[in-house]
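Participant: Numbering (full-length UniProt numbering), first residue to last: 1 to 368.
Glycine included, each C-beta is placed from N, C-alpha and C at the ideal position.
Every value quoted in this text rests on a predicted model; they were computed, and no experiment measured them.
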Amino acid sequence: MTAAPLVSVLLPVYNAGPYLATALGSILRQDHSRLEIIAIDDGSTDNSLEILERCQKADSRISIISRENRGLVATLNEGLAIARGELVARMDADDVAYPWRLSRQVALFERRPELGFCGAGVDMLIRGRIARGRPDPVFQFGRIPVLAMFFTIFMHPTVVYNRKVIDDSVLHYDQAYRHAEDFDLFRRLAGRYPAAMMPENLVVYRVHQASVTSRHVKEMRRTHLRIVAENLEREGLAQATRDLRDIGDAVGHGTVARAADFIVALEEEISSLPAATRPSFEAGALNLFYFLYQLVADENQPALTHELLTRTAKWNVIRRREQYALRPGAWAPWLSLASLSAARQADAMAYFFKSAPAAAVLAPYQAG
Numbered sequence: 001m002t003a004a005p006l007v008s009v010l011l012p013v014y015n016a017g018p019y020l021a022t023a024l025g026s027i028l029r030q031d032h033s034r035l036e037i038i039a040i041d042d043g044s045t046d047n048s049l050e051i052l053e054r055c056q057k058a059d060s061r062i063s064i065i066s067r068e069n070r071g072l073v074a075t076l077n078e079g080l081a082i083a084r085g086e087l088v089a090r091m092d093a094d095d096v097a098y099p100w101r102l103s104r105q106v107a108l109f110e111r112r113p114e115l116g117f118c119g120a121g122v123d124m125l126i127r128g129r130i131a132r133g134r135p136d137p138v139f140q141f142g143r144i145p146v147l148a149m150f151f152t153i154f155m156h157p158t159v160v161y162n163r164k165v166i167d168d169s170v171l172h173y174d175q176a177y178r179h180a181e182d183f184d185l186f187r188r189l190a191g192r193y194p195a196a197m198m199p200e201n202l203v204v205y206r207v208h209q210a211s212v213t214s215r216h217v218k219e220m221r222r223t224h225l226r227i228v229a230e231n232l233e234r235e236g237l238a239q240a241t242r243d244l245r246d247i248g249d250a251v252g253h254g255t256v257a258r259a260a261d262f263i264v265a266l267e268e269e270i271s272s273l274p275a276a277t278r279p280s281f282e283a284g285a286l287n288l289f290y291f292l293y294q295l296v297a298d299e300n301q302p303a304l305t306h307e308l309l310t311r312t313a314k315w316n317v318i319r320r321r322e323q324y325a326l327r328p329g330a331w332a333p334w335l336s337l338a339s340l341s342a343a344r345q346a347d348a349m350a351y352f353f354k355s356a357p358a359a360a361v362l363a364p365y366q367a368g
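1. For the beta strand (DSSP E) that residue 124 lies in, which residues bound it at each end?
2. Using the beta-carbon count (16 or more within 10 Å), is residue 116 buried or exposed?
3. Considering only C-alpha positions, which residue in the set 118, 131, 92 is nearest to residue 104?
4. Express the C-alpha separation of residue 81 and residue 112 in angstroms, rounding to a whole number.
5. Figure out for me which residue from 364, 34, 59 has the closest Cα to the Cα of residue 5.
6. Between the Cα of residue 58 and the Cα atoms of 73, 29, 75, which residue gives the shortest distance?
7. Report the residue ranges of all alpha helix (DSSP H) runs contained in full by the UniProt domain "Glycosyltransferase 2-like" (8–123); include only those spanning at least 4 residues, in chain order.
8. In chain order, what residues of the same chain have a beta carbon less than 6 Å from the beta carbon of residue 43, not counting five sequence neighbours either side?
9. Using only alpha-carbon positions, find the residue among 226, 271, 95, 222 that is nearest to residue 23.
10. Report all residues from its chain with a CB closer than 8 Å to the CB of residue 238; omit the five preceding and five following residues, and keep chain order.
11. Assuming residue 130 is part of the beta strand (DSSP E), what are its boundary residues?
12. Going by DSSP, which residues form a beta bridge with residue 205?
13. Determine, using beta-carbon pairs with one atom in the region 43–52 and one in the region 72–79, whether at least three such pairs fall under 8 Å.
14. Please state whether DSSP places residue 324 in a helix, a strand or coil.
15. Rank 162, 325, 64, 184 by C-alpha distance to the C-alpha of residue 342 and give the top, closest one.
16. Please return the same chain residues whose Cβ sits closer than 7 Å to the Cβ of residue 194, not counting the five positions on each side in sequence.
17. Helix, strand or coil: which one does DSSP assign to residue 346?
18. Along the beta strand (DSSP E) that carries residue 177, what are the first and last residues, could you check?
19. Relative to the C-alpha of residue 337, which candidate in 301, 331, 362 has its C-alpha closest?
20. What separation, rounded to the nearest whole angstrom, lies between the Cα atoms of residue 327 and residue 348?
21. Within 10 angstroms of the Cβ of residue 320, are there 16 or more other Cβ atoms? Answer buried if so, exposed if not.
22. Find out if the Cβ-Cβ distance for the pair residue 201, residue 128 is shorter than 8 Å.
23. Who pairs with residue 196 in a beta bridge, going by DSSP?
24. How about residue 62 and residue 52: are their beta carbons less than 8 Å apart?
25. Let me know the secondary structure DSSP gives residue 356 once reduced to three states.
26. Per the contact definition of three or more C-beta pairs closer than 8 Å, is the region 284–297 in contact with the region 141–157?
27. Who pairs with residue 162 in a beta bridge, going by DSSP?
28. In chain order, what residues of the same chain have a beta carbon less than 7 Å from the beta carbon of residue 312, not counting five sequence neighbours either side?
29. Shorter than 8 Å from the beta carbon of residue 107 to some beta carbon of chain D?
30. Which of the three DSSP states, helix, strand or coil, is assigned to residue 237?
31. Using beta-carbon positions only, say whether residue 27 and residue 97 come within less than 8 Å of one another.
32. Answer yes if the region 130–137 comes into contact with the region 171–190, meaning at least three C-beta pairs across the two stretches below 8 Å, and no otherwise.
33. Do you know offhand how far residue 304's Cα is from residue 279's?
34. Grouping DSSP H, G and I as helix and E and B as strand, with all else coil, what is residue 299?
35. Of the choices 92, 218, 209, whose alpha-carbon is the least far from that of residue 160?
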């Protein structure tokens with residue numbers, strides 16, 4: 001009988017004290033037991049190392065590296081270099097893996113050994129409540145190699161890499177794309193190796209202000225747009241991408257207008273592509289629009305969002321509630337802001353009623 005594959009769980013840790021025991025506990029209680037946890041304490045100044053050491057005494061599958069702070073990219077590459085498993089799973093120190101996460105992903109690679117990597121869906125944990133995530137419909141309309149040019153196809157802490165397929169010289173994160181290093185790696189891998197999105201939620205993704213995504217959102221967005229621009233230039237879909245890159249640096253009437261015109265020109269280029277690939281590029285371009293829409297909307301200047309929607313003729317692809325709120329944005333921005341505030345409150349109430357208290361879900365995974 002063939003032994004179950006060893007899975008190396010790569011766990012970067014930086015000041016994760018409030019959440020780390022729960023994250024570790026969720027991995028230690030996986031129903032796929034042949035695993036190692038490579039926990040790298042990246043110069044934490046809280047009690048993260050103490051928690052790691054306490055958990056290691058209870059379970060020898062945990063290996064700890066503690067050193068000065070070098071950043072996430074260096075930490076990830078260090079972990080990849082010492083991982084012994086043929087499968088390498090990512091995990092964040094503030095998330096929770098369901099007990100069947102690794103066994104389901106291992107089973108996928110056993111069924112499809114040609115896969116280079118895979119991702120899965122997530123449930124969202126916000127302010128103590130968990131809401132079930134829904135499958136992203138974009139995967140129904142697009143091919144992963146094309147979609148990977150436009151957005152980060154998988155949530156990073158759900159990914160598992162297959163080192164029997166991916167060459168070690170390719171499996172590394174690039175410091176030049178800091179805070180979007182996963183987007184860069186996934187686009188490179190998807191262009192060379194088969195990938196799959198699992199249609200089930202295997203991780204509870206915690207949203208909080210101290211998370212890397214929250215702390216570095218502006219730099220992440222700039223780097224994200226830079227990666228998309230590079231991909232479009234390489235595919236010959238855009239000769240110049242300055243208009244796309246600039247809005248990542250500053251959101252104003254000029255950059256919004258030029259970014260909107262860029263989207264229109266991109267859609268025109270895509271419309272002439274062969275029928276076999278066109279739907280995938282259309283899905284990717286629409287996702288790029290939504291990325292810009294969120295970037296502009298976060299400025300809380302309804303006139304800018306109104307201009308983006310009008311110049312791209314995309315009013316029909318946003319929610320009706322947002323359409324009503326933003327219509328007066330060009331001539332009565334105060335009215336739009338009031339309407340948007342009411343919409344956010346309605347969304348918060350809807351989240352509350354559709355979500356469940358997190359305590360009962362997380363308690364079984366608490367380590368220590």
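Facilitator: So, to answer that:
1. 117–126
2. buried
3. 118
4. For the pair residue 112 and residue 81, the Cα-to-Cα distance works out to about 25 Å.
5. Selection 364, 34, 59 evaluated against residue 5 yields 34 as nearest (Cα-Cα).
6. 29
7. Secondary structure in the UniProt domain "Glycosyltransferase 2-like" (8–123): the alpha helix (DSSP H) runs of 4 residues or longer, each lying completely within the stretch, are 17–28, 48–58, 72–82, 101–111 in chain order.
8. 68, 69
9. 95
10. 229, 232, 244, 262, 265, 266, 269
11. 129–131
12. 124
13. no
14. helix
15. The closest CA to that of residue 342, considering only 162, 325, 64, 184, is found on 325.
16. Only 114, 115, 116 meet the Cβ criterion.
17. helix
18. Where residue 177 is concerned, there is no enclosing beta strand (DSSP E), given that its DSSP letter is neither H nor E.
19. 301
20. 22 Å
21. exposed
22. The beta carbons of residue 201 and residue 128 sit no closer together than 8 Å.
23. 118
24. yes
25. If DSSP states are grouped into helix, strand and coil, residue 356 belongs with the strands.
26. With a cut-off of 8 Å, the region 284–297 and the region 141–157 count as touching, because enough Cβ pairs lie within range.
27. Residue pairing by DSSP places residue 162 opposite 87 in a beta bridge.
28. Result list for residue 312: 260, 263, 264, 289, in chain order.
29. Going by chain labels, chain D is absent from the structure shown, which holds only one protein chain.
30. coil
31. By the CB criterion at 8 Å, residue 27 and residue 97 fall inside the cutoff.
32. no
33. 29 Å
34. coil
35. 92
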